[in-house]
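Scroll down for the structure; my scribbles are underneath it.
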């Protein structure tokens, strides 16, 4: 019976040791940042439904990077699927898609200064003026009109031939009083909005699923389609790069890719005379070119290029590798001539950039 | 509460002193609870690593799902997305789709997803549950690269009418109700079980992932705080009905029918990082499922034949809606899926003397699946649906020979062959051996090795967009070795335990990755090496007159390492632990019984889980280790006309703040009381 006692007491001791352990959490620690001068924000999407989006900040001069700056500065998470960031009025506006929020942050301290809520599934924000901004949406047939002064939704623009379920408006560029928006998911259009009346005044059909939009020095819009996917009832075709005259809102030139290609991330350099995009490799061409280049700017090197940006002042090219989408992605920095000059890890799925 | 518990458990060791007096009381013929002594080793289980759950564990509470049972009573990892939300399980560092689950022989894994949601299985509807670890799963089914879980119902052996009703009322306006009606004769048994659980599930928690702002009149932020929020959009209503009819013709022939209907309506809780207004959105999943199995068993002294036929019909709906401001919820996403499965199985066993056992079985599942994921408007203006409509036949056949040349030695070989669609697996061999090291302590050494394959699910192959019809099946080798023992003394104590080492290699692991077009697509990416140790122990001790203590504990150490090639030159995941797989897990339960009182304490531990394949630990992606404790006290009352039971349960006893999955809130301390009644019609 002594054995019983010893055994039993050991059992109880183990149980009591178990009580001693508690979960340890660290909260509320706000870090002070002072990021003066120029820099690059990297918007890391994070995994859908895991709320692990982050913001990184890279100093091109010192070649140093700070990751998770939003969390570190604000002691809270950025949210679920950070989609894009725009700078206006000395603030950075970070659109967090599946958190239904746009955060405004101070560009030096990264502290939150305000937030826009009551959104459906925000994708991009564009500022028409200090008093008015547009926010595009996925799964909503409306573009939200915002008053950035008080972070409130003040109206909507109804998009034609879209339901809530098929709604998809994406990137925006402004030409004079008109704003152009590409419609992506199961869509094939670019919409033209009169910013004075907040009305859609025209639309232009492209190929299947235009993914991005840019405006060059000549007043030409550039958009690239992804062509859909095999088996899609919406269609599956070879993607194209389009040059569109913003003034007349007509297609000037269509550059065709091969079926199965997946071009994306159309970007311009600072002088808006050279165009870049990703299609396995990274490609570059003059905005005045009549044909697609035959050699890539950066050939595919077993790297899954996901995000792309060009430094507006130096022309350096930054390209993001999302790797397996479950670990911090890597950013590679090249000169305008294609020479690699730096690389650094950011957050999970670095998908977008924003220059300060 | 923590202090009270500490006092209780500090006092408990003193009670063991009384155990020394048990012998005297026994000599005096006083009644104490009986303790069974383990020791039998069935031929069918030669060399297997198996964990079986007692009925008291399965029937501990009507509010428990099988996910809850597995969390506190096994070494396998339960990934819990929230209360009454998706819960998946994985053995030994594998993925949820590497765990095969059967109910009365019919596969429960979704043919679309490949995995099983254990939060949808009420434990009160399961009479027998066993885990077959690693290689042992080959005895039952293929595809269990981690293992398999065998769930079954069992006919009652009652005569006359029976009724059991239990009502549970808990925190967050949770109501659980369970009713069982039964009628039995010498040959017939009828049983109807029904349960209904509902709750707004709006528990409060401190949201550490977001902060609320305090503004001045110019909309400047002048203060921030972590809000105490309610779990938003987490309500659930689950109805389960299980009908069983069994006919025992005598002389070893039995025919039985089990039909289980599930009607579930669950909201999907908003993330902790969601700034949307709960009233603006409706995010909901509904399911209507009917599973039925007709079974015939024909038993003779040295052989057995059995045949099963089953049918499954499952309708699931996912709706994500938003009020655009006009008071009506408009659809943002509308997904529907319909699954019809026809199942057939035949098996036979033949004993040659008491040294040989030969078995054979063949099972077929014919799936018809229709997946409608999204409604779109085509370029020509007509409506269309994005989805797929596929069918697949899945055949699995096995033969085995089990040999026990002496009482000490047992050897077993299993050969299995599988066919999914037109794709055959190579022959899947499994070898098992055991050797009795000591008869006195029932110490048995076991070892096994097997190959295994898992075919891609229908979503892996056909989902739009992204399905990849060129996927290869996953393949693996698993090695097991271990030792088990069982000692005890009838009516006094029992103690059993086992230690198992395992080593497993999985090639062509399927992973869904984002494509350049923005959607996910599965690819054969990883080679994974998982290995480790599983320990488990069970004990029962009659401490003194009317006093009894039961305990069980498990521990597992499961490194699960990515040994594939780097995806890109920057890939840091090679050589690292797979995300969301804890390296260490442990559980413990203890029950102290006195007369008609029972005090149950349950505890589990998960070590920190990485959320990144590179094993980086970040501020945003951190899942710290956690310990969870539940306590319940039950009193049963025997009246002349009925048995009554009263039970109080405290979940998350120490009110821990924890998450199992990133951004999914979990409840703090919460309570539930249960009242049960079982009339003694004609049985007084």
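Protein chains in written order, with my numbering: chain A, 1 to 356; chain B, 357 to 1040.
Quick reminder that beta carbons are idealized off the backbone N, C-alpha and C, glycines included.
Could you please give the first and the last residue of the uninterrupted beta strand (DSSP E) stretch that includes residue i?
i: residue 411/B; result: Careful: residue 411/B lies outside any beta strand (DSSP E), inside the alpha helix (DSSP H) at 411–414.
i: residue 552/B; result: 544–555
i: residue 1030/B; result: 1026–1035
i: residue 658/B; result: From DSSP, residue 658/B is part of no beta strand (DSSP E); its letter is neither H nor E.
i: residue 133/A; result: 133–137
i: residue 88/A; result: 82–88
i: residue 988/B; result: 982–994
i: residue 829/B; result: That residue, residue 829/B, is in no beta strand (DSSP E); it is neither H nor E in DSSP.
i: residue 739/B; result: 739–759
i: residue 1068/B; result: The requested residue 1068/B is not part of the displayed model; chain B covers only 357 to 1040.
i: residue 957/B; result: 953–962
i: residue 214/A; result: 210–215
i: residue 513/B; result: Careful: residue 513/B lies outside any beta strand (DSSP E) and carries neither H nor E.
i: residue 909/B; result: 903–913
i: residue 267/A; result: 264–268
i: residue 703/B; result: 686–708
Under 8 Å, do residue i and residue j count as touching if we go by C-beta distance?
i: residue 590/B; j: residue 419/B; result: no
i: residue 185/A; j: residue 168/A; result: yes
i: residue 806/B; j: residue 491/B; result: yes
i: residue 1032/B; j: residue 1001/B; result: yes
i: residue 986/B; j: residue 559/B; result: no
i: residue 431/B; j: residue 892/B; result: yes
i: residue 182/A; j: residue 129/A; result: no
i: residue 41/A; j: residue 354/A; result: yes
i: residue 572/B; j: residue 629/B; result: no
Please state whether DSSP places residue i in a helix, a strand or coil.
i: residue 40/A; result: strand
i: residue 814/B; result: helix
i: residue 731/B; result: strand
i: residue 1015/B; result: coil
i: residue 1080/B; result: With chain B running from 357 to 1040 in the structure shown, residue 1080/B is simply not present.
i: residue 390/B; result: Low local confidence applies: a pLDDT of 37 at residue 390/B is under 50, so the model's placement there is unreliable, and no value is given.
i: residue 462/B; result: strand
i: residue 494/B; result: helix
i: residue 627/B; result: coil
i: residue 336/A; result: coil
i: residue 255/A; result: strand
i: residue 1045/B; result: Not covered by the structure: residue 1045/B. The range shown for chain B is 357 to 1040.
i: residue 97/A; result: helix
i: residue 433/B; result: strand
i: residue 322/A; result: coil
i: residue 372/B; result: Unreliable positioning characterises residue 372/B in this predicted model, as indicated by a pLDDT of 32, which lies under 50. A coordinate reading is not provided.
i: residue 779/B; result: strand
i: residue 877/B; result: strand
i: residue 236/A; result: strand
Which first and last residues belong to the alpha helix (DSSP H) in which residue i is found?
i: residue 71/A; result: 69–74
i: residue 604/B; result: Counting along the chain, residue 604/B falls outside any alpha helix (DSSP H), though it belongs to the beta strand (DSSP E) covering 592–606.
i: residue 422/B; result: 422–429
Report back the beta-carbon spacing between residue i and residue j to the nearest angstrom; my notes put them in contact at under 8 Å.
i: residue 716/B; j: residue 699/B; result: 18 Å between Cβ atoms; not a contact.
i: residue 905/B; j: residue 112/A; result: In fact, because the Cβ distance is near 54 Å, the residues do not count as touching under 8 Å.
i: residue 72/A; j: residue 975/B; result: 7 Å
i: residue 175/A; j: residue 219/A; result: 6 Å
i: residue 279/A; j: residue 301/A; result: With 8 Å as the limit, residue 279/A and residue 301/A do not qualify as a contact, their Cβ atoms being about 14 Å apart.
Is any non-hydrogen atom of the ligand FMN found closer than 7 Å to the C-beta of residue i, if you look at the structure I gave you?
i: residue 559/B; result: Ligands displayed in this structure: none; no statement on the ligand FMN is therefore possible.
Quiz item: Listed from N- to C-terminal order along the chain, which residues in the stretch 911–934 of chain B have their beta-carbon within a distance smaller than 9 Å of any beta-carbon of chain A?
Solution: 922, 923, 924, 925, 926, 927, 928, 929, 932
Exercise. Taking only beta carbons into account, state which residues of the stretch 675–704 of chain B come closer than 9 Å to chain A, listed in chain order.
Key: 676, 677, 678, 680, 681, 686, 687, 688, 689, 690
Self-check item: the stretch 609–640 of chain B: positions lying closer than 8 Å to chain D by Cβ
Solution: Of the protein chains in the structure, A and B, none is chain D.
Quiz item: Just by C-beta distance, which residues in the stretch 218–238 of chain A are closer than 9 Å to chain B?
Solution: 226, 227, 228, 229, 230, 231, 232, 233, 234, 235
Practice problem: Give the residues from the stretch 273–303 of chain A that approach chain B closer than 9 Å (Cβ to any Cβ), ordered along the chain. | Solution: 278, 279, 280, 301, 302, 303
Quiz item: Using a beta-carbon distance cut-off of less than 9 Å, what residues from the stretch 154–168 of chain A approach chain B?
Solution: 156, 161, 162, 163, 164, 165, 166, 167
Quiz prompt | Near-chain B residues of the stretch 55–74 of chain A - C-beta to any C-beta below 8 Å | solution = Residues are counted here when their Cβ sits less than 8 Å from a Cβ of chain B; for the stretch 55–74 of chain A these are 67, 68, 71, 72, 74, given in chain order.
Exercise. Output, in sequence order along the chain, the residues in the stretch 978–1007 of chain B whose CB is closer than 8 Å to any CB in chain A.
Key: 980, 981, 982, 983, 985
Quiz item: Listed in chain order, which residues of the stretch 825–850 of chain B have Cβ atoms closer than 8 Å to some Cβ of chain A?
Solution: 849
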